[in-house]
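What follows is a set of notes on a single structure, which appears directly below.
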């Protein structure tokens with residue numbers, strides 16, 4: 078029993094030693110394990126000026142291997158993200174105010190250290206590594222004002238002014254506020270007036286995508302709204318944006334325009350005209366985009382680190398306001414099918430990307446930052462990206478990168494969800510199956526729906542398409558009622574559809590005016606003259622020979638009474654009515670005392686004028702898409718004799734209007750019209766004295782607004798004639814030829830015009 082106790086003590090000592098060894102071993106392994114997940118601690122952020130350029134040197138406790146950078150606007154800033162880095166040593170904003178750098182704001186986002194470098198103006202940037210340090214280099218400010226010379230309107234011929242001469246500017250700018258921007262467009266071109274509280278010294282340049290940029294240094298904007306739509310004269314809109322040291326006015330053009338900028342007191346007048354077809358276009362500058370500098374060689378004996386630089390130059394620079402989630406939703410679409418297909422329209426802000434073996438997750442975070450969207454990434458989203466894209470919409474760039482990696486995206490409100498195409502497709506199919514299963518599990522309800530204006534049987538085939546496979550309809554013809562049985566949601570849809578279809582049919586009044594106008598004119602001029610000459614002893618003028626001892630000369634047979642009573646004419650061509658019985662006539666008689674020589678002359682003239690007008694106005698009311706007819710007239714009997722006997726036929730001579738109207742949703746009326754005005758004409762009769770039928774008809778289709786009047790047809794007949802009756806040869810003699818001829822002039826004019834006026838009959842609601 079004395080020797081039993083020592084073995085227990087030895088066992089206890091052995092156990093204590095074993096635990097100590099285990100704890101010591103675990104403690105020895107902890108540094109190695111911790112080192113694998115430890116972030117690089119950033120120890121120094123130093124802005125400095127080197128050779129006229131601004132640099133920011135970022136140092137860490139270890140080499141900086143992964144980084145991404147991109148530029149954003151509103152406000153203008155450069156964002157640098159460093160993966161697996163700790164920036165907790167720097168927690169406050171660093172005010173720099175040197176060159177293009179205004180300040181630097183550090184922040185920690187999970188395992189990513191972010192530096193937001195506020196810029197006073199757009200500059201070229203590039204990032205590179207040097208001895209394990211990350212160098213952010215900002216070049217000299219971009220000289221945008223030198224990008225394109227202003228184009229002025231041609232000067233008067235007497236002045237030799239260069240075509241691209243800069244408009245005169247005030248020597249000193251005194252304006253501090255831009256208070257208003259007004260835009261107008263007319264036949265003379267587009268005019269934009271910028272108003273300030275003093276004289277302004279603008280800087281203007283044209284960008285390659287038809288955007289005129291006007292910068293007004295040293296001013297603040299009080300212009301509301303900041304976007305002024307124009308949509309006329311080649312100018313789409315005018316946008317106003319505030320920058321740290323200036324106000325920028327951007328004119329978005331739909332086609333190239335020439336422009337002049339003229340200071341007038343406290344205003345700037347921008348006048349723009351279309352570019353002349355014969356004038357060469359001014360060369361437009363290309364937009365400045367940042368590009369990464371090639372990586373420097375690593376020191377000997379060390380491997381060069383892989384650069385993951387991604388420089389995103391947002392276009393247009395510093396002028397496009399930050400897009401909200403609602404805008405992005407419209408541009409990207411919300412349906413899964415469209416998103417999986419990639420879509421054919423991309424309307425996102427344009428960016429330029431240069432990615433070299435960049436992590437796909439960081440690239441997607443970059444797009445979410447540019448679009449101001451929340452982002453959720455599926456666990457299968459992984460990979461590396463190497464692309465170079467210049468000036469394309471960001472949503473198109475993201476779509477291409479996702480396609481390359483077999484991924485798709487869905488936008489729900491302002492949340493962008495990215496997963497594999499297969500997962501999204503399966504999700505859509507599962508959602509569809511879930512909906513179908515819910516439909517099959519729902520209880521059926523029955524609803525009786527009376528139909529007021531339409532026929533229930535006519536709309537039944539239409540509503541059946543909105544029912545589920547379990548749904549059914551029954552039509553009660555006697556009461557014009559539909560009985561619907563289906564799930565509640567489908568029944569509600571059918572009820573809404575019936576309310577849209579069961580509407581009163583439009584009633585339309587059509588009024589036609591058939592105007593017949595006639596004008597007749599006739600003028601006749603005639604002459605009658607004759608006489609007699611007797612040479613004999615009885616009249617005291619014998620001829621003095623035995624035979625013949627008397628000679629007599631006289632006209633033809635009598636044609637009517639004459640002043641002398643002789644009744645004989647050499648020329649007998651009176652006006653058609655006849656001298657003494659119509660028109661006007663004058664008779665002259667010349668004779669000797671012995672009546673051996675007599676001369677009679679009658680001049681006659683007749684002129685007649687007639688004017689007539691017939692206006693027929695048929696009216697008829699009709700339902701939409703229903704034919705209506707109205708007629709008024711007589712039926713004239715016509716008899717024909719044949720071997721079977723005498724047969725009588727009736728021919729209609731009537732006024733009629735036949736129309737089929739249709740009222741369109743945009744308050745227009747489409748009509749098929751047949752207007753007829755037939756009447757008997759007694760002036761043209763057959764041998765039995767039966768009159769002929771004078772026809773006036775028009776058939777057409779026309780579209781008119783409610784209450785509008787149009788001429789659907791017209792016929793104008795003009796009949797002119799001149800006839801002469803004369804004695805051969807003598808009637809053609811100058812002057813005296815009128816003693817041997819008569820003239821009749823006629824002119825008949827008839828015109829038919831048909832007017833049509835439709836009106837929708839609206840019933841007043843009491």
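Numbering (this note's numbering), first residue to last: 78 to 843.
Note that CB positions come from ideal geometry on N, CA and C, so glycine has one too.
All of these numbers come straight from a predicted model, not from anything done at the bench.
**OP:** Could you pull out every residue in the same chain whose Cβ sits closer than 6 Å to the Cβ of residue 139, ignoring the five residues on either side in sequence?
**Re:** Residue numbering aside, residue 139 sits at position 62 when the chain shown is read from its first letter. These residues qualify, in order along the chain: 117.
Original post:
Quick one, are the C-beta atoms of residue 890 and residue 173 less than 8 Å apart?
Top reply: Any question about residue 890 goes unanswered here, given that the chain covers just 78 to 843.
Original post:
So what's residue 131 in DSSP terms, helix, strand or just coil?
Top reply: One-based indexing of the chain shown puts residue 131 at position 54. Three-state DSSP puts residue 131 in a strand.
Original post:
How about the region 486-502 and the region 536-556: do they share at least three Cβ pairs that are nearer than 8 Å?
Top reply: no
Original post:
In its own chain, which residues sit with a C-beta less than 8 Å from the C-beta of residue 308, not counting the 5 before and 5 after it?
Top reply: Taking the first residue of the chain shown as position 1, residue 308 is located at position 231. Closer than 8 Å at Cβ, skipping near neighbours: 314.
Original post:
Would you call the region 603-621 and the region 667-683 in contact, with 3 or more CB pairs under 8 Å?
Top reply: yes
Subject >> Complete beta strand (DSSP E) runs within the region 692-756 (minimum length 3 residues, chain order) >> reply: 696-700, 705-719, 722-740 and 745-754
**OP:** Could you name the residues that DSSP lists as bridge partners for residue 861?
**Re:** The question about residue 861 has no answer, for the chain in this structure spans 78 to 843.
Original post:
According to DSSP, which residues form a beta bridge with residue 675?
Top reply: Your numbering for residue 675 matches position 598 in the chain shown. 609 and 668.
Original post:
So residue 125 packs on residue 136, CB below 8 Å; how close in whole Å?
Top reply: Position 48 of the chain shown holds residue 125. Position 59 of the chain shown holds residue 136. Between residue 136 and residue 125 the Cβ distance is about 12 Å, and since that is not below 8 Å, they are no contact.
Original post:
Excluding five sequence neighbours on each side, which residues of the same chain lie with their C-beta closer than 6 Å to the C-beta of residue 734?
Top reply: One-based indexing of the chain shown puts residue 734 at position 657. Answer for residue 734: 589, 695, 697, 707 and 752, listed in chain order.
Subject >> Span separating the alpha-carbon of residue 603 from that of residue 596 >> reply: The count along the chain shown starts at 1 and reaches residue 603 at position 526. The count along the chain shown starts at 1 and reaches residue 596 at position 519. Rounded to whole angstroms, residue 603 to residue 596 spans 24 Å at the Cα level.
Subject >> the region 206-216 contacting the region 456-475, beta-carbon criterion three pairs below 8 Å >> reply: no
Original post:
Cβ atoms of residue 699 and residue 651: under 8 Å apart, would you say?
Top reply: The count along the chain shown starts at 1 and reaches residue 651 at position 574. The count along the chain shown starts at 1 and reaches residue 699 at position 622. No; because the gap between Cβ atoms is not below 8 Å, this pair is not in contact.
Original post:
What is the DSSP secondary structure of residue 531, reduced to helix, strand or coil?
Top reply: As a position in the chain shown, residue 531 is number 454, starting the count at 1. In the structure shown, residue 531 sits in coil (DSSP, three-state: anything other than H, G, I, E or B).
Original post:
Residues bridged to residue 835 by DSSP?
Top reply: To locate residue 835, count along the chain shown from 1; it is residue 758. According to DSSP, which records beta bridges pairwise, residue 835 is partnered with 587.
**OP:** Note down, in chain order, each residue of its chain lying with its Cβ closer than 7 Å to the Cβ of residue 235, except the 5 sequence neighbours on either side.
**Re:** In the chain shown, the residue the question calls residue 235 occupies position 158. At residue 235 the pLDDT is 39, less than 50, meaning the model places this residue with poor confidence; the figure from the coordinates comes in the next sentence. Excluding residues within five positions, none has a Cβ falling inside 7 Å.
Subject >> Residues near residue 798 by beta carbon distance below 7 Å, same chain, minus five either side >> reply: As a first step, residue 798 must be located in the chain shown, where it is residue number 721. Closer than 7 Å at the Cβ level, and outside the excluded window around residue 798, lie 823.
Original post:
Distance, Cα to Cα, residue 561 vs residue 523?
Top reply: Walking along the chain shown from the start, residue 561 turns up at place 484. Walking along the chain shown from the start, residue 523 turns up at place 446. Going from the Cα of residue 561 to the Cα of residue 523 covers about 6 Å.
Subject >> Other residues of its chain near residue 245: CB distance less than 7 Å, five sequence neighbours each side excluded >> reply: Looking up residue 245 in the chain shown gives position 168. A caution first: residue 245 carries a pLDDT of 46, below 50, which makes its placement in the model unreliable, though a value can still be read off. Within the same chain, residue 245 has no close Cβ partners at all.
Original post:
Taking three-plus beta-carbon pairs below 8 Å as touching, is the region 806-825 in contact with the region 774-784?
Top reply: no
**OP:** Could you please give me the residues that DSSP links to residue 549 through a beta bridge?
**Re:** Here residue 549 corresponds to residue number 472 of the chain shown, with the count starting at 1. DSSP output for residue 549 lists 562 as bridge partner(s).
Subject >> Secondary structure of residue 483, DSSP reduced to three states >> reply: Locating residue 483 in the chain shown gives position 406, where the first residue counts as 1. The answer is coil: DSSP assigns residue 483 none of H, G, I, E or B.
Original post:
Roughly how many angstroms separate the alpha carbons of residue 41 and residue 193, rounded to a whole number?
Top reply: For residue 41 there is no data in the structure shown, the boundaries of the chain being 78 and 843.
Original post:
How many angstroms separate the CA atom of residue 472 from the CA atom of residue 454?
Top reply: Along the chain shown, read from residue 1 onward, the residue named residue 472 stands at position 395. Along the chain shown, read from residue 1 onward, the residue named residue 454 stands at position 377. Cα to Cα, the separation comes out at about 16 Å.
Original post:
Looking at C-alpha atoms only, which residue of 550, 531, 563 and 646 is the closest neighbour of residue 577?
Top reply: Taking the first residue of the chain shown as 1, we reach residue 577 at position 500. Here the closest residue by C-alpha is 531.
**OP:** Give me the Cα-Cα distance between residue 825 and residue 768, rounded to the nearest whole angstrom.
**Re:** Counting from one through the chain shown, the residue named residue 825 turns up at place 748. Counting from one through the chain shown, the residue named residue 768 turns up at place 691. Their Cα atoms are separated by approximately 21 Å.
**OP:** With residue 515 as the anchor, note down where its alpha helix (DSSP H) starts and where it stops.
**Re:** The residue given as residue 515 occupies position 438 in the chain shown. 498-518 is the span of the alpha helix (DSSP H), which, as asked, contains residue 515.
Original post:
Looking at residue 693 and residue 46, is the spacing between their C-beta atoms short of 8 Å?
Top reply: The structure shown does not extend to residue 46, since the chain spans only 78 to 843, so no value can be given for it.
Original post:
Quick one, are the C-beta atoms of residue 316 and residue 298 less than 8 Å apart?
Top reply: In the chain shown, residue 316 corresponds to position 239, counting from 1. In the chain shown, residue 298 corresponds to position 221, counting from 1. Cβ distance not < 8 Å, so residue 316 and residue 298 don't count as in contact.
Original post:
Between residue 291 and residue 430, what straight-line distance do the alpha-carbon atoms span, to the nearest angstrom?
Top reply: The residue given as residue 291 occupies position 214 in the chain shown. The residue given as residue 430 occupies position 353 in the chain shown. Distance between the alpha carbons of residue 291 and residue 430 is about 27 Å.
Subject >> Distance between residue 165 and residue 121 (C-alpha atoms, nearest Å) >> reply: Counting from 1 along the chain shown, the entry for residue 121 is found at position 44. Counting from 1 along the chain shown, the entry for residue 165 is found at position 88. Rounded to the nearest angstrom, the two C-alpha atoms are 11 Å apart.
Original post:
How is the beta strand (DSSP E) around residue 174 delimited, first residue to last?
Top reply: Counted from its first residue, the chain shown places residue 174 at position 97. It spans 171-175 - the beta strand (DSSP E) in which residue 174 sits, taken as one unbroken run.
Subject >> Local conformation of residue 804 per DSSP, three classes >> reply: Your numbering for residue 804 matches position 727 in the chain shown. Note: residue 804 maps to coil in three-state DSSP.
Original post:
Buried or exposed: where does residue 566 fall if 16 or more other Cβ atoms within 10 Å of its Cβ makes it buried?
Top reply: As a first step, residue 566 must be located in the chain shown, where it is residue number 489. Under this definition residue 566 is an exposed residue.
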